[in-house]
Every structure is written in C-alpha cells, then in structure tokens.
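Chains as they are written, first to last, in the working numbering: chain A, 26 to 233; chain B, 365 to 833. See below for the structure under consideration.
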Ligand code: SF4
C-alpha cells in the first residue's frame, strides 16, 4: 500500500450530513470486478444531470474546487453499505483525506485499507473549516489544508491548527504503507495454536 | 476472586481473541465467512496476485444474490457485466474450493436468509460478510458484522480479522407489541429514537421481555437493521426459541443437545455491565412509515409528514428539508394520504416465510389497486418452495402481485428490478436512501403487512384497522 505521511491540498466542502455510500458510489457501478476506475462514478447521481452533463449546482463541480484532495463533510459520513467501492471511488477521484465530525464504522475502517485518512474533528472545528473555506473561495482562492499524520494535526496558513487522534496501529500501517495481510501472517503460529486448542475447548464444537 | 460478570459480547469476544500483540489491533478468529458476488471479486484477485490461498474454505460459503435476475432462471443473464460478476464468483469458488449455492441450486438465496436457514449461523460464533446487513445473524446470539473487500481478503487469507473491541450497548424493550405491530415497526421505531449514528462504535444487544417474545425470524428483522442506527452489530442472546429454530437444520452440530448445553452458557451473566443502556416500551410502538431518505426519518401511520423547521439540529434540519424535496412531500400531509405506485415485499429484512405469511393474510381475497404495481420476492429458494407448498404464491398472484425468484431484487435495484424516476414505493427493505431502488425513486420503509395493505388500498393505511377477509 502507498504510505500516507503528510498531505497538503485543496478542500472541497460538501455541506451535507449522513452522506451514504449509495450516494458516494451508486449501485449501478458496483458490477465491475476491478478495484480501479471508480472515480468517474463518484457521487454520480448528484454530480450529473439526467442528460449526462455536469450538474452545476453540485458542490464538487464548482470550478475552483477542481483538483481538490481533501473532502469536508458533516456528521455520519459514509453510512450505509459496506461497499469498499466508496473509498475506491473517492481515492480514484483524487481524495486523500475526508474530514467530518463523525464517520460510519465500516467506511472508516475501509479508508485505512486504501491509503486514505478519515479525520474526526469536533462539530465546531468542522463549522470553522466550512467558514474558512467559504471565505477563501469568496476571495477567489482555493482553500488549502495540511493534514499531518506524523504530528496528528490539521492546519492551514492562517493559524488554524487542530490535533486529531488516530488508532496507533492504523497510523503505523498508513505511515509505513504496510500490507495488513502480511502483517497478520506473522502471527500464523498463534492462529494455528488457536485453531488447535479450540478443537478441545467447550465452545469449539460449535463448528462440528 | 470470582470471575467478573461478562456480557454475551464479552464472552464471544474473549473466546475468539487469537492475540493482542503490543501496538497492534487485536486479532479475532472468524468462524464463518459468507461471500457474495459484488464485494468479493477484488478480494479473490488480491489473493491470486499475492499467491495466497483461502485458509479455511470449509468455513466459507458463497451465493449470488445482489445482482441476479428474479425472473425465469433458465434464461441467460441479459446484462453482460452482471453475468461476468456471477461467472467470476463461480470460478473463484471453484479455484479456491468454496461451497457455492449457485443460481439454480435449490438453496440459493439472499446471503443473510440462507445462513440461518441452513444452520450455517449458530450461537456464539463470529460471522462476517462483505455486506453491512450481516448483523442479521446476531439474532441467533452470534457476533456478526459487515466488512469491506480488503477485510474480506484478510479473512479469506488468515481466517482472522483486525478489530478493536466495540463498546456494548443494551437496548432493552419492555412490555409487548400490540396486535398488528411487527418487529419491523419496532426496529424502525428504535432507529427513529436512536438516530442513524446513535449506535456508531457499539454492538447492540437487544434484551427485555418484548424481545424475548419475538420469534426467530422477527429477531432477525430487528438485528438486520442495527446497522441503520450505525451499530457495528446487533445481537440477541440465544434461548429456547433459538434452539427450536436451529434443531434439524442442515449444518448444525450432529450432537445437537451437547451444542445446546454449550450455547446455554452464552447469555450475559447477572450483573454484567454495558457501556450504555437505553430502555423502551414495546407498547409505545405503532405501525411505522419512513417519510425521508434515511431510516431514522420515520413516523407512526397516524402522524403527518413533519416540518423540518421544528428540528433543533441545523444539519438535521437541512437533511430533512432536502429529504422532503427529494421525496416530493409537503409537511403536514397525513401519512395515510400518500399515494403509491409500487409495492415491494422482499429483502433480507422481510422476505422469510413468516413475512410472506403476514402479507398473504392481508391480501387474501383482495385485489391490488389498479394504480399500483406490486411484487413479492422470496428471500431464498427454500422460502419460495415453502410458500408455494402453503399456497401463498396463489394468494399473491390472484390478488395481482408478481411472484419472483429469490434474490435482493428491488432492495437495491442492481438487477433489472428498479423504480423509475419519481415512482413512489412502499418497501419492506431496509434503506430509503436517495436512488436506492432506482435513480429518482422514492422509498417508504414499512412492515410486510403494512406494504400488503398499501398495495390493496393504493395508499398507506393503518393495519390495525384492516378488515381481514
Ligand atoms: S436484500 Fe438488500 S440489504 Fe439485504 S443483502 Fe441484499 S441488497 Fe443488501
């Protein structure tokens, strides 16, 4: 996996709560058997009008947000289905970070498998970021943030600095771009030992 | 010192903990892995690229369900991309030695329907599937949850999963449900109160007399929708209802009585402490209908479409306003006045035999309203055969319902069963997200009896007043 250390990029504000994975990547695009190529379908039903042209009212279609790599959203981002196609689509489109007050559990876990960092900040901090993004865009400049996984900190050039917390193991895996399966296979002896010992232990026969 | 009192979750967790190495997430052993065509191809491809095998093929079971037609199974699948996904599942199962309940197999069906039905799901197990409604299996007293495709690959390769222990949440329901009120109404009511993220980070254990009174299939309906409250999993401690359901199923332990003795040790110890507790009363539940675009946007049948401006939280207010616009509804409209175009009875929430019996009781001798197109999609081949043996298919078709082959169908509309833009549907499924049943489609979640009554009436109607013929 590609490591994630620190990332500076343009923020795309998506001022919506409960953005579910059916919106992130609608089901008609789940039929592919590859992991790549999903970026073109990201937010498809919001992003395009029925005639196939881009929907000018949709947040990501604002021209000065082109090339943005940090998505800013409201609470419960990524709720709904377990489809990893959602982080695949976000990542393929160019996002490396999603910032929100809360995330759905499965989506949150899926991000770490794909070199993408979900960052939880408080409702107030997220509010503040929406304000700063709007102010910068009103002046015609894209709003930029730096997300630093070494220092576990989000900052901009105008004095906004907030720490965020992240599970230590997940952080190490991202920083070093570790292969989760290879890492687990280092514990193969313990897995085998568990299997052997539970053949005799009372609950094991659940399997028989 | 006496051993500390443990919850059901604690017991399953402790039992399956392989190791918790310093600085790493704990490794949890996985007893059963269910696989379907949509979230698995990339996982198998990953195994191939790395030259890895499936560690325990015999603990892994597969079936195609999401992407399959529910019409005549003898015909080839028309959509070439859907066909490729199903062919890929077939070749992966063949290459890696996994038991596949294929299209045309008598036991094929929605993965969460066939797991319990075949006895794959058992109390005390850890069960995963690349699907968020895996929580269904928690109804048997298992720890069951959905995972992403990378985790599917991890489980295939190692039979374990990296997991931090979730927090425990007791949702106790006292009292009893009134006649006509179902498990679906109960769970929609609970989600409405807990919110879509009230359960995030938790495993919910449903307890209390109202839960104990539910049959096995009703318990599955409740656990199934735990994810809609954000919970990792939902579970109900096993009891006699569970053992009676499981006895005689194909894949249960041969010495069943010995298994029951072990399972009887699973329920939480007296005095075991949950991280959070909420208490509800079953008697407060009326028939539920969702009005918005998430399952927590729900009211009773006797209510009206709510006014977003009355909501306290600004992002809830914005969501509700957007939802009403998408749903084409006006605040203040009585729920019973909402007219329907389509009715869908099916999905892993409500497609088991009890659900079909409940719907059939309502439609027996009646006709589907002329303005409504209605379909019934059984959850599995077995449910379909059972229903046909009881003559339920005739009850439905005589009333004007379509009677289909087993699959996910219009729950998510990956196959040809979809809503057209603007069509309004009473659905027994679990998600009313924008576009879920078809781009621009408008979904209202209800119980099977409420869906059946709505099909006949052409609009929502209070099942408590239904005149059964
Ligand atoms: S019936 Fe619906 S919710 Fe259930 S597994 Fe199929 S698509 Fe998912």
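Glycine included, C-beta positions come from ideal geometry on N, C-alpha and C. Computed from a prediction, not measured in an experiment: that's the story for all the values here.
For this session: Pick out whichever of B:570, B:502, B:556, B:386 has its Cα sitting closest to the Cα of residue 534 of chain B.
Result: Selected option, being the one with the closest Cα: B:570.
Exercise. Helix, strand or coil: how does DSSP classify residue 425 of chain B here?
Worked result: strand
Exercise. So, residue 34 of chain A versus residue 95 of chain A, is the Cβ gap smaller than 9 angstroms?
Worked result: yes
For this session: Compare the C-beta of residue 164 of chain A against all C-beta atoms of chain B and say whether one is closer than 9 angstroms.
Result: no
For this session: Going by DSSP, name the residue or residues bridged to residue 808 of chain B.
Result: B:790
Problem set entry | Reduced DSSP secondary structure (H/G/I, E/B, other) of residue 744 of chain B | strand
Exercise. Hey, which unbroken runs of the beta strand (DSSP E) at 3 residues or more fall wholly within the stretch 127-171 of chain A?
Worked result: The beta strand (DSSP E) runs lying completely inside the stretch 127-171 of chain A and spanning 3 residues or more are 142-145, given in chain order.
Exercise. Hey, is residue 744 of chain B close to ligand 1, as in C-beta under 8 angstroms from one of its heavy atoms?
Worked result: no
Problem set entry | Selection of the stretch 788-800 of chain B by Cβ proximity to chain A, strictly under 7 angstroms | 795, 797, 798, 799, 800
Exercise. Mind checking whether the beta-carbon of residue 740 of chain B lies closer than 8 angstroms to any heavy atom of ligand 1?
Worked result: no
Exercise. Terminal residues of the continuous beta strand (DSSP E) containing residue 198 of chain A?
Worked result: From DSSP, residue 198 of chain A is part of no beta strand (DSSP E) but of the alpha helix (DSSP H) over 193-201.
Problem set entry | Residue nearest to residue 717 of chain B in terms of C-alpha spacing, selected from B:507, B:378, B:579, B:604 | B:579
Exercise. Which residues does DSSP pair with residue 38 of chain A in a beta bridge?
Worked result: A:97
For this session: Starting from the Cα of residue 166 of chain A, find the closest Cα among A:54, A:87, A:49, A:60 and give me that residue.
Result: A:87
Problem set entry | Residues near residue 675 of chain B in its chain [Cβ-Cβ closer than 8 angstroms; skip 5 each side] | 681, 684
Exercise. Any Cβ of chain B within less than 9 angstroms of the Cβ of residue 65 of chain A?
Worked result: no
Problem set entry | Residues that residue 366 of chain B bridges to, as DSSP identifies them | Answer is none; residue 366 of chain B lacks a bridge partner.
Problem set entry | Euclidean distance between Cα positions of residue 638 of chain B and residue 370 of chain B | 9 angstroms
Exercise. Helix, strand or coil: which one does DSSP assign to residue 216 of chain A?
Worked result: Correct three-state label for residue 216 of chain A: helix.
For this session: Tell me whether residue 645 of chain B sits in a helix, a strand or coil according to DSSP, three-state version.
Result: strand
For this session: Answer with yes or no whether the minimum CB distance from residue 778 of chain B to chain A is below 9 angstroms.
Result: yes
Exercise. In chain order, which alpha helix (DSSP H) runs of at least 4 residues are fully inside the stretch 500-526 of chain B?
Worked result: 513-522
Problem set entry | First and last residue of the uninterrupted alpha helix (DSSP H) at residue 407 of chain B | Unbroken alpha helix (DSSP H) run through residue 407 of chain B: 405-414.
For this session: Measure the beta-carbon distance from residue 594 of chain B to residue 562 of chain B and round it to whole angstroms, keeping in mind my assumption that it falls under 8 angstroms.
Result: 6 angstroms
Exercise. What do you reckon, are the CB atoms on residue 104 of chain A and residue 44 of chain A nearer than 9 angstroms?
Worked result: Cβ atoms of residue 104 of chain A and residue 44 of chain A: closer than 9 angstroms.
Problem set entry | Of the residues B:453, B:629, B:460, the one placed nearest residue 376 of chain B, counting alpha carbons only | B:629
Exercise. CB of residue 181 of chain A to nearest heavy atom of ligand 1: below 8 angstroms?
Worked result: In this structure, residue 181 of chain A has its beta carbon at no less than 8 angstroms from each heavy atom of ligand 1.
Exercise. Would you say residue 816 of chain B and residue 709 of chain B are within 9 angstroms of each other, going by their C-beta atoms?
Worked result: yes
For this session: Check whether the Cβ of residue 551 of chain B lies closer than 8 angstroms to any heavy atom of ligand 1, and answer yes or no.
Result: no
For this session: For residue 550 of chain B, count neighbouring Cβ atoms within 10 angstroms of its own Cβ and tell me buried if that reaches 16, exposed if not.
Result: buried
Problem set entry | Short CB-CB distance (under 9 angstroms) between residue 193 of chain A and chain B | Answer yes: the Cβ-Cβ gap between residue 193 of chain A and chain B drops below 9 angstroms somewhere.
Exercise. Who are the near neighbours of residue 125 of chain A in its chain, counting only those whose CB is closer than 6 angstroms to its CB and skipping five residues on each side?
Worked result: 98, 102
For this session: Would you identify the three-state DSSP class for residue 318 of chain B, choosing helix, strand or coil?
Result: Any answer about residue 318 of chain B is impossible in this case: the structure gives chain B only from 365 up to 833.
For this session: Assign residue 221 of chain A to buried or exposed, taking buried as 16 or more other Cβ atoms, counted over all protein chains shown, within 10 Å of its Cβ.
Result: exposed
For this session: Taking all protein chains shown into account, decide if residue 607 of chain B is buried (16 or more other Cβ within 10 angstroms of its Cβ) or exposed.
Result: buried
For this session: Please name the residue or residues paired with residue 188 of chain A in a DSSP beta bridge.
Result: A:178
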